[in-house]
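In numbering that gives the first Met the number 0, the protein residues as written are 0 to 284.
From the three backbone atoms N, C-alpha and C, an ideal C-beta is built for every residue, glycine too.
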Amino acid sequence: MYGLWVCAASIAGARRSLGVVRMLLLGDTHRNEAFTRKAFVRAKELGCAHIIQLGDFGYGWNWLQLNDTLAVCRFAASVSLMVDEFGIGFCFLDGNHENFDQLVNHPLGPDGRREVTPNVWHLPRGYRWEIDGVRFLVCGGATSVDRLARTPSVSWWAQEAVTQADVDACGDESTDVLLTHDAPMTPAFFENVSTTRYGIQADLDVLRNKLLLEQVLLATNPQITVHGHLHRHFVQDLGDGRRMIGLAHDRAALHRAALVVDTQASGLVEFLEKPASNQAKAGGS
Ligand SMILES: [Mn+2]
Numbered sequence: 000m001y002g003l004w005v006c007a008a009s010i011a012g013a014r015r016s017l018g019v020v021r022m023l024l025l026g027d028t029h030r031n032e033a034f035t036r037k038a039f040v041r042a043k044e045l046g047c048a049h050i051i052q053l054g055d056f057g058y059g060w061n062w063l064q065l066n067d068t069l070a071v072c073r074f075a076a077s078v079s080l081m082v083d084e085f086g087i088g089f090c091f092l093d094g095n096h097e098n099f100d101q102l103v104n105h106p107l108g109p110d111g112r113r114e115v116t117p118n119v120w121h122l123p124r125g126y127r128w129e130i131d132g133v134r135f136l137v138c139g140g141a142t143s144v145d146r147l148a149r150t151p152s153v154s155w156w157a158q159e160a161v162t163q164a165d166v167d168a169c170g171d172e173s174t175d176v177l178l179t180h181d182a183p184m185t186p187a188f189f190e191n192v193s194t195t196r197y198g199i200q201a202d203l204d205v206l207r208n209k210l211l212l213e214q215v216l217l218a219t220n221p222q223i224t225v226h227g228h229l230h231r232h233f234v235q236d237l238g239d240g241r242r243m244i245g246l247a248h249d250r251a252a253l254h255r256a257a258l259v260v261d262t263q264a265s266g267l268v269e270f271l272e273k274p275a276s277n278q279a280k281a282g283g284s
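Okay, structure coming up:
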């Protein structure tokens with residue numbers, strides 16, 4: 000489902016010639032408002048028009064009761080205010096810690112996204128768009144390794160896992176950028192993280208999810224794949240100039256938890272610089 004896609008906020012922040020779009024990809028936010036605000040500040044400094052959050056947004060864990068019948072997700076409401084304040088669009092994909100029962104109460108709009116609070120958009124699995132000639136595909140979802148210790152519909156939702164239907168929804172049309180929550184299976188998985196240490200059921204759940212995402216990766220052949228979930232920042236070379244990049248989470252430094260996609264940059268990606276140390280700043284003032 001292609002279609003020119005524009006977040007509700009203006010793209011006036013894009014700093015280069017008209018049509019070039021810069022966006023900040025952001026790892027797991029886990030409903031951390033202070034961390035998310037830091038990401039908005041940095042996105043503004045970097046001339047990004049949009050933030051795309053790669054799952055474990057933290058939808059629907061805390062509610063603000065507006066009246067007897069209406070409640071809104073507190074974190075999504077706070078992100079709505081940040082969208083207004085910074086003039087930067089915001090979208091997120093499925094992690095494994097979203098309240099999926101509540102999420103699907105928001106109907107999909109005509110362009111295939113759902114607006115969960117004003118100007119905060121959820122991108123379902125299989126959602127595609129193209130902007131400035133760069134094609135994007137989204138496939139969120141992952142399994143919780145500790146799901147046996149969680150309570151269904153309270154702290155765990157079965158819809159978290161990637162399914163064959165999600166893979167089918169992604170199709171086999173090629174893409175430039177694949178955005179996922181979990182990391183698709185690659186040879187490095189066995190070298191680095193071959194067991195969850197949560198038992199055989201968790202190991203199998205993880206493996207199944209990664210193999211389904213590998214199908215999407217192989218079918219759509221993206222130049223870059225960016226994911227969250229593992230809470231660590233690392234880059235894998237997949238050969239032929241293709242890369243898979245993991246982003247860290249809200250408890251890490253922002254330069255490890257975010258990067259910029261620039262539709263005109265070579266390789267499409269700009270990594271964030273590590274900020275100067277406080278000491279260096281103090282010395283300069
Ligand atoms: Mn997470």
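Proximity winner among the options, relative to residue i (alpha-carbon distances)
i: G26; options: L92, I87, W62; result: L92
i: K273; options: L253, F34, H230, A70; result: L253
i: V205; options: S77, V225, N95, T35; result: N95
i: G140; options: T68, E269, F99; result: F99
i: E44; options: M81, F85, A76, G111; result: F85
i: V166; options: V153, E97, A38, N208; result: N208
i: P151; options: I199, R134, M184, E97; result: E97
i: Y48; options: Y58, T162, D83; result: The question names Tyr, but residue 48 is Ala in the sequence shown. Nearest C-alpha to A48: D83.
i: Q263; options: L211, M243, G132; result: G132
i: V40; options: R30, C72, I87; result: I87
i: D236; options: N118, A70, P186, E269; result: P186
i: L210; options: Y197, R196, V234, P183; result: P183
i: V176; options: F270, H105, A275, L136; result: L136
i: R241; options: D261, R255, G266; result: G266
i: L122; options: V19, H180, L65, D145; result: H180
i: S154; options: V19, L23, Y58; result: Y58
i: Q158; options: R124, M81, I130; result: R124
i: Q214; options: H105, C138, C72, W128; result: C138
i: G198; options: L271, R146, F270; result: R146
i: L178; options: L212, R196, L203, W156; result: L212
i: W156; options: R73, R30, Q101, V234; result: Q101
i: M81; options: D110, A251, T195, A42; result: A42
N-terminal and C-terminal residue of the beta strand (DSSP E) that residue i is part of
i: I130; result: 127 to 130
i: M243; result: 241 to 245
i: T116; result: 113 to 116
i: T219; result: Looking at the DSSP string, T219 is not in any beta strand (DSSP E); the run it does join, the alpha helix (DSSP H), is 199 to 219.
i: A70; result: 70 to 72
i: T162; result: Per DSSP, T162 belongs to no beta strand (DSSP E) and is neither H nor E.
i: T179; result: 176 to 179
i: E272; result: Element bounds for E272: n/a, residue is neither H nor E.
i: R134; result: 133 to 138
i: I223; result: 223 to 226
i: M184; result: No beta strand (DSSP E) holds M184; DSSP gives it neither H nor E.
i: H121; result: 119 to 122
i: W156; result: That residue, W156, is in no beta strand (DSSP E); it is neither H nor E in DSSP.
i: C47; result: Neither: C47 is in no beta strand (DSSP E) and is coded neither H nor E.
i: R21; result: 21 to 25
i: D236; result: 233 to 238
i: W301; result: Any question about residue 301 goes unanswered here, given that the chain covers just 0 to 284.
For residue i, the first and last residue of its enclosing alpha helix (DSSP H)
i: D261; result: Taken as a continuous stretch (DSSP letters only), D261 belongs to no alpha helix (DSSP H), being part of the beta strand (DSSP E) at 257 to 261.
i: T150; result: Looking at the DSSP string, T150 is not in any alpha helix (DSSP H), and its letter there is neither H nor E.
i: Q101; result: 99 to 102
i: V40; result: 32 to 44
Supposed close pair residue i, residue j - CB separation, criterion 8 Å
i: V259; j: R36; result: Wrong, their Cβ atoms sit about 18 Å apart, outside the cutoff.
i: H230; j: A257; result: Not a contact, Cβ separation roughly 13 Å.
i: A164; j: T142; result: With a Cβ gap of about 16 Å, A164 and T142 do not count as contacting.
i: T28; j: A75; result: No, T28 and A75 are not in contact; Cβ-Cβ is about 11 Å, not under 8 Å.
i: S77; j: E32; result: 5 Å
i: Y126; j: R149; result: Going by Cβ atoms, the distance from Y126 to R149 rounds to 27 Å, so no, they are not a contact pair.
i: W62; j: A70; result: 4 Å
i: F34; j: D261; result: Not a contact, Cβ separation roughly 23 Å.
i: A201; j: V119; result: Actually they do not touch by this definition, with Cβ atoms about 31 Å apart.
**Message:** Under 8 Å, with one C-beta from each stretch per pair, do the segment 215 to 231 and the segment 166 to 183 reach the 3-pair mark?
**Reply:** yes
**Contact shell at 5 Å, judged by CB to any heavy atom of ligand 1, ordered along the chain** = D27, D55
**Prompt:** Using 8 Å as the Cβ pair cut-off and three pairs as the minimum, do the segment 42 to 61 and the segment 223 to 238 touch?
**Reply:** yes
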